[in-house]
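Report on one structure; see the data block that follows.
Residue numbers (the working numbering): 388 to 747.
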């Protein structure tokens, strides 16, 4: 099978971790007789430096005409980078918001999985995580507060800033249906997170989710207020299977869930539209302070590539091969510096990629 992949290496550690993901994809292609064609495009700070915008129309068109997008990371140090002196619509993250919106990537999947080999890195008490946990955060990605109308104006002699949140029934319905579909392939449980005791958008969210739930009688579902969900994630993470929520709540909760696993460097993510097309990226940021030092953990990006094989290309065996290779090197004691512990073998970014590719 032949697939065309748009590759956005991005900023900071992005180029080096994407290189390792491509190395692993090439190992998959060789073993399973596929052909992956890569077209590299710019987005984020590197695009600002080259073209003056975080995402050019030409780069967007290449991404649109590909079978999927593999993304590293974008942005830099917000305190020192000249990119953050620009207007908000010209900063690196504006490119990310634009590509999500333009490509219709409304469903963000962020798995949070506690590896048995890394349970010592989990900050929670062992009795809370015994046996591990495996949850999927389903975040609506193209609506809500981040895409609402905003303004900063002077009123009565002082600055007043406003951000508006809105959701339509259709936006809620499509992410809810995707969440219940994924739950059917997992443990058949959905926790819908909202703030229905305060927000009109959340009350509509809850109404639509209940309508969708009626079409999935096999799936257990519950509603949970976002503040309670934040507490439950650190109190009893094993209770969650699919966590379905809107954009801002999902942004916050997925980062919390990632740290409960012990390292954000291990966590992949996928952003999907209604067909098979998706954009795949690690959950972590660009970490400019360690860029180019061969110490970044590439596993999240490599696992994101596995998600691409599974969700966009229907290559389940190939995705399983990558996930098994990751588990194998962890079982063998290899660790990057962010997950290093006594008695294990420290490896760099490139070495980690080599080890995983060799075990495909």
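Just so you know, even glycine gets a beta-carbon here, dropped at the ideal spot from N, CA and C.
Rounded to whole angstroms, the separation of the alpha carbons of residue 663 and residue 639 is 26 Å.
The Cβ-Cβ distance between residue 537 and residue 521 does not fall below 7 Å. As the crow flies, the alpha-carbon of residue 588 is around 6 Å from that of residue 554. Secondary structure of residue 524 (DSSP, three-state): strand. Contact check between the segment 451-460 and the segment 468-477: fewer than three CB pairs, one atom from each, fall below 8 Å, which does not count as touching. Of the candidates 465, 636 and 415, 415 places its Cα closest to the Cα of residue 388. By the Cβ rule, the segment 714-727 counts as touching the segment 496-512, because three or more pairs are nearer than 8 Å.
In this structure, residue 570 sits near residue 629, with a CB-CB distance shorter than 7 Å. For the pair residue 668 and residue 656, the CB atoms are nearer than the 7 Å cut-off. A residue is called buried once 16 or more other Cβ atoms fall within 10 Å of its Cβ, and residue 601, having fewer, is exposed. Counted as a single uninterrupted DSSP element, the stretch harbouring residue 517 is not any beta strand (DSSP E), since DSSP gives it neither H nor E. If you draw a straight line from the Cα of residue 493 to the Cα of residue 724, it comes to about 34 Å.
Here residue 533 has 634 as same chain residues with Cβ atoms under 6 Å from its own Cβ, once five neighbours each way along the sequence are excluded.
Contact annotation: the segment 699-707 does not touch the segment 723-738, with fewer than three C-beta pairs closer than 8 Å.
A check of alpha carbon separations from residue 529 across 728, 632, 430 and 609 identifies 632 as the nearest. The DSSP-derived three-state label of residue 734 is coil.
The closest CA to that of residue 526, considering only 498, 464 and 409, is found on 498. Among the bridge pairs identified by DSSP, residue 500 is matched with 521.
For residue 567, no pairing in a beta bridge is given by DSSP. Taking 7 Å as the cut-off, the Cβ atoms of residue 580 and residue 636 count as close. DSSP, read as helix, strand or coil, puts residue 587 in helix. DSSP links residue 722 through a beta bridge to 733.
For residue 578, there is no enclosing alpha helix (DSSP H); the enclosing beta strand (DSSP E) has its first and last residue at 576-581. Membership of residue 422 in the beta strand (DSSP E) is indicated by the continuous run 422-427. For residue 634, the uninterrupted alpha helix (DSSP H) segment begins and ends at 634-647. Minimum Cα-Cα distance from residue 583 among the listed residues 593, 564 and 401 corresponds to 593.
In the DSSP secondary-structure assignment, residue 456 is bridged to 393 and 666.
For residue 543, the secondary structure class from DSSP, reduced to helix, strand or coil, is coil.
Of all alpha-carbon atoms in 480, 458 and 402, the one lying nearest the alpha-carbon of residue 435 is that of 480. Taking a C-beta distance under 7 Å as the contact criterion, residue 672 and residue 460 qualify as a contact pair. In the same chain as residue 477, and ignoring 5 residues on each side of it, no C-beta atom comes closer than 6 Å to its own. Inter-residue distance for residue 565 and residue 523 is about 12 Å (C-alpha atoms, whole angstroms). When rounded, the separation of the alpha-carbon atoms in residue 747 and residue 679 is 26 Å. The Cβ atoms of residue 689 and residue 743 lie closer than 7 Å to each other.
Taking all protein chains shown into account, residue 516 has 16 or more neighbouring C-beta atoms within 10 Å of its C-beta and is therefore buried. When secondary structure is reduced to three states using DSSP, residue 611 falls in the strand class.
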